[in-house]
Structures are given as structure tokens and as C-alpha cells.
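A.B. asks: So in the UniProt record's numbering, spot 10 of the sequence shown is number 10, and the numbers just go up one at a time.
Glycine is no exception: its CB is placed at the ideal position from the N, C-alpha and C atoms.
Note that the coordinates shown come from a computational prediction; the quantities given were computed from them, not determined experimentally.
Sharing a structure below in C-alpha cells format, with a few things to ask.
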Amino acid sequence: MRSMIGHERLITVGCGAIIEDEEGRILLQRRKDQNNWCLPGGLMEIGETFMETLHREVLEETDLIIEGPELFGIYSGDIGLREYPNGDKIFSVQIIFRVTSYHGELKQEGLESSEHRFFPRDSLPQPLNPGQAAFILDWAEGLKAPIVR
């Protein structure tokens with residue numbers, strides 16, 4: 001696709017998981033490429049549902065099998081406008097789910113992440129991924145779901 005359109009803006013749809021442990025802390029992963037903190041998740045593949053994307057991405061990135069995800073928020077607008085260091089531009093729509101039930105052993109390092117850790121609402125790490133800070137901070141503030149922006 002990029003060979004045909006160059007760096008022009010593409011619309012992408014992604015799903016992310018706010019995974020909470022039994023203490024109510026959020027699971028974040030440190031990205032290797034940008035050295036910032038973000039949610040487990042990623043982009044939809046053609047033909048997938050939101051739930052299929054969510055389950056696939058969480059399993060790929062964390063080795064966790066999630067159960068009973070609930071809609072937390074749908075995010076679009078200016079927070080979805082991004083430009084990558086290579087010049088590629090996107091407009092990202094993000095569907096974010098809250099998960100409190102999961103099983104499996106959390107892996108510490110993956111292809112895209114150097115570590116996974118749980119953080120309390122009042123002690124989030126920095127820097128947060130700029131494309132995800134809005135929904136992580138909405139969670140930290142305890143905003144009522146579903147949030148639509």
C-alpha cells in the first residue's frame with residue numbers, strides 16, 4: 001500500500017486492552033521502538049471483528065488469554081493524527097476495552113516490547129505513548145465508560 005501512496009495519510013483501526021489485575025492496577029508495556037509505555041493491542045486485519053483483533057493482539061504481545069472484555073471507549077479526532085519518524089502518516093481510530101479477567105503467564109519481553117508491568121492509577125510511568133495517553137489518563141481519572149471522543 002505504501003509503495004502506491006507514499007507517505008500520504010491512511011485510516012487505521014486498532015483495538016487496545018486496559019487489563020487490570022486484582023489490585024486494580026493497569027498493565028502497560030514499554031515499546032522497544034519508541035521507549036514509551038502503552039496498552040497491549042494493535043491494528044485490525046482485514047475481515048476481523050474488534051473482539052478477534054483484541055484477543056489476537058493481547059495474546060501475541062502478552063501471552064495472556066483475556067475473558068469478558070467490556071467497551072471502555074472509542075477514540076478518534078485529533079488524538080488519532082500521527083506521523084512516524086519515516087514520514088508515514090495515519091489517522092487512527094481506537095476501540096479500547098477494559099479487561100479484569102484473564103489467565104496465562106505474562107511474558108516480560110516480546111517482539112515489540114521490552115517489558116510489561118502493572119501500575120496503580122496514581123503512579124503511571126513516563127513517557128506514555130502520545131497516541132494512547134488520552135485513554136490511559138481517562139482510565140487513571142476513573143472516567144465512566146463508555147467514552148466516545
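Assign residue 65 to buried or exposed, taking buried as 16 or more other Cβ atoms, counted over all protein chains shown, within 10 Å of its Cβ.
C.D. replies: exposed
A.B. asks: When you compare only the Cα positions, how much space is there between residue 48 and residue 95?
C.D. replies: Roughly 13 Å separates the two Cα atoms.
A.B. asks: How big is the Cα-Cα spacing for residue 23 and residue 7?
C.D. replies: 43 Å
A.B. asks: Which runs of the alpha helix (DSSP H) spanning at least 4 residues fall entirely within the UniProt domain "Nudix hydrolase" (8 to 141), listed in chain order?
C.D. replies: Fully enclosed alpha helix (DSSP H) runs of 4 or longer: 50 to 62, 133 to 140.
A.B. asks: Between 25, 38, 130, 17, which has its C-alpha nearest residue 79's C-alpha?
C.D. replies: Among 25, 38, 130, 17, the Cα nearest to that of residue 79 belongs to 130.
A.B. asks: Can you find the residues in the same chain that come closer than 8 Å, C-beta to C-beta, to residue 122, ignoring five residues on each side of it along the sequence?
C.D. replies: 140
A.B. asks: Which two residues bound the contiguous alpha helix (DSSP H) that contains residue 4?
C.D. replies: 2 to 5
A.B. asks: Given 8 Å as the limit, is there contact between the segment 4 to 18 and the segment 103 to 114, that is, 3 or more CB pairs closer than that?
C.D. replies: The segment 4 to 18, when compared against the segment 103 to 114, does not touch it at the 8 Å Cβ threshold.
A.B. asks: Do the CB positions of residue 91 and residue 81 come within less than 8 Å of each other?
C.D. replies: yes
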